[in-house]
Ligand code: AMP
Ligand code: MN
Ligand code: MN
Ligand code: MN
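Numbering (the numbering used here), first residue to last: 28 to 319.
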């Protein structure tokens with residue numbers, strides 16, 4: 028059993044990266060990927076846990092994109108966390124996020140919530156400050172009753188305190204990922220669109236944009252969704268990927284590896300993913316030999 032989607036407290040999870048590695052080992056997982064939102068900052072800690080655990084630890088991340096007027100999440104698996112190009116792109120996104128955060132503070136202050144950026148930053152363990160941390164700060168100062176209340180009244184999409192900042196397309200995300208040696212996978216399609224959405228044509232389009240597979244197994248799918256997306260992956264020759272999207276205490280009752288109890292991502296998915304990895308220049312056969 029493997030799990031290729033989870034979060035640490037470097038984004039909106041509640042566990043340290045090395046705790047995740049230990050939990051995976053205890054659960055008997057063959058492999059675990061850490062896929063924090065928009066940051067590589069948890070990966071050094073995660074990968075450093077490798078010699079101490081039997082589970083194979085895979086570096087990853089989760090990027091939010093715009094596609095057909097929806098927000099889609101793209102996982103980059105097997106990315107090189109030291110890749111200079113990817114690090115610069117993520118750094119640039121973080122700077123745009125910071126400008127957006129300043130504007131959200133202004134919006135909230137104009138709504139008579141005298142919140143400061145310092146308060147919000149204190150909720151974030153890494154330099155990446157997201158709406159997850161705004162929600163915690165709003166709850167802490169009593170401006171919202173709960174995380175859900177904070178999103179519903181102030182900072183959810185379209186709410187008065189929300190300022191959007193993303194404009195990444197799936198094609199760009201796929202390019203970022205493949206240039207960093209990774210494979211691009213659409214996260215939780217069953218959770219990213221209304222129930223009646225017909226995925227087949229959209230998925231063909233995403234495949235043409237460089238997306239190699241999608242989550243056919245997911246911590247919060249029922250059996251019908253799992254079957255639908257497994258069949259679709261086979262039909263379109265895409266990788267039926269999967270993971271729990273474990274967030275620690277942020278998603279109550281959801282566990283690493285098994286999700287809500289019925290998740291079981293087959294080990295074979297790993298080999299299917301590795302077969303789609305981009306060839307990096309030094310691995311192209313014939314380089315340096317056989318040519319004169
Ligand atoms: P940001 O990247 O700053 O736009 O914030 C994204 C974070 O906000 C992610 O952790 C999401 O899980 C969380 N988020 C976005 N919308 C909602 C919502 N309606 N309810 C709860 N969390 C949300
Ligand atoms: Mn999340
Ligand atoms: Mn997601
Ligand atoms: Mn996720």
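Idealized CB from N, CA, C, for every residue including glycine.
- Going by C-alpha positions, residue 133 is about 16 Å away from residue 177.
- Contact check for residue 69 against residue 61 passes: the beta carbons are separated by less than 8 Å.
- Here the alpha carbons of residue 154 and residue 301 stand approximately 31 Å from one another.
- Looking from the CA of residue 231, the closest CA among 204, 208, 246 and 198 belongs to 198.
- Annotation for residue 44: no beta strand (DSSP E) segment contains it, though the alpha helix (DSSP H) segment containing it runs 44 to 53.
- Per DSSP, the unbroken alpha helix (DSSP H) holding residue 71 starts and ends at 70 to 75.
- Judged by DSSP in its simplified three-state form, residue 246 adopts coil rather than helix or strand.
- The three-state secondary structure of residue 205, taken from DSSP, is helix.
- For residue 146, the closest alpha carbon among the candidates 244, 123, 53 and 168 is that of 168.
- The Cβ-Cβ distance between residue 257 and residue 212 does not fall below 8 Å.
- Residue 292 carries a strand assignment under DSSP once its states are collapsed to helix, strand and coil.
- For the set 28, 65 and 71, the Cα lying nearest the Cα of residue 58 is the one of 28.
- In this structure residue 109 is exposed. Its beta-carbon is surrounded by fewer than 16 other beta-carbon atoms within 10 angstroms.
- Assignment of beta-bridge partners to residue 94 by DSSP yields 97.
- In this structure the segment 114 to 131 does not lie against the segment 236 to 243, because fewer than three pairs of beta carbons, one per stretch, are closer than 8 Å.
- In this structure, residue 125 has its CB at a distance of at least 7 Å from all heavy atoms of ligand 3.
- Non-local C-beta neighbours of residue 253 in its own chain, meaning closer than 8 Å and more than five positions away in sequence, comprise 243, 244 and 245, ordered along the chain.
- Judged by DSSP in its simplified three-state form, residue 212 adopts strand.
- In this structure, the straight-line span from the alpha carbon of residue 190 to that of residue 220 is close to 22 Å.
- If you measure from each CB to the nearest heavy atom of ligand 4, the residues under 7 Å come out as 32, 34, 62, 64, 89, 100, 214 and 272.
- Short of 7 Å from the beta carbon of residue 217, and not among the five residues preceding or following it, lie these beta carbons of its own chain, in chain order: 245, 248, 252 and 256.
- If you look at residue 270, you'll find it isn't in any alpha helix (DSSP H); it sits in the beta strand (DSSP E) that goes 266 to 270.
- In summary, residue 148 is exposed, with fewer than 16 beta-carbon neighbours lying within 10 Å of its beta-carbon over all protein chains present.
- A check of alpha carbon separations from residue 298 across 266, 287, 271 and 289 identifies 266 as the nearest.
- It is roughly 4 Å from the alpha-carbon of residue 33 to the alpha-carbon of residue 272.
- For residue 60, the enclosing beta strand (DSSP E) begins and ends at 58 to 61.
- Proximity of the beta carbon of residue 39 to ligand 2 is indicated: a heavy atom of the ligand is located closer than 7 Å.
- Secondary structure of residue 117 (DSSP, three-state): helix.
- Between ligand 1 and residue 183, a heavy atom-to-CB distance of less than 7 Å is present.
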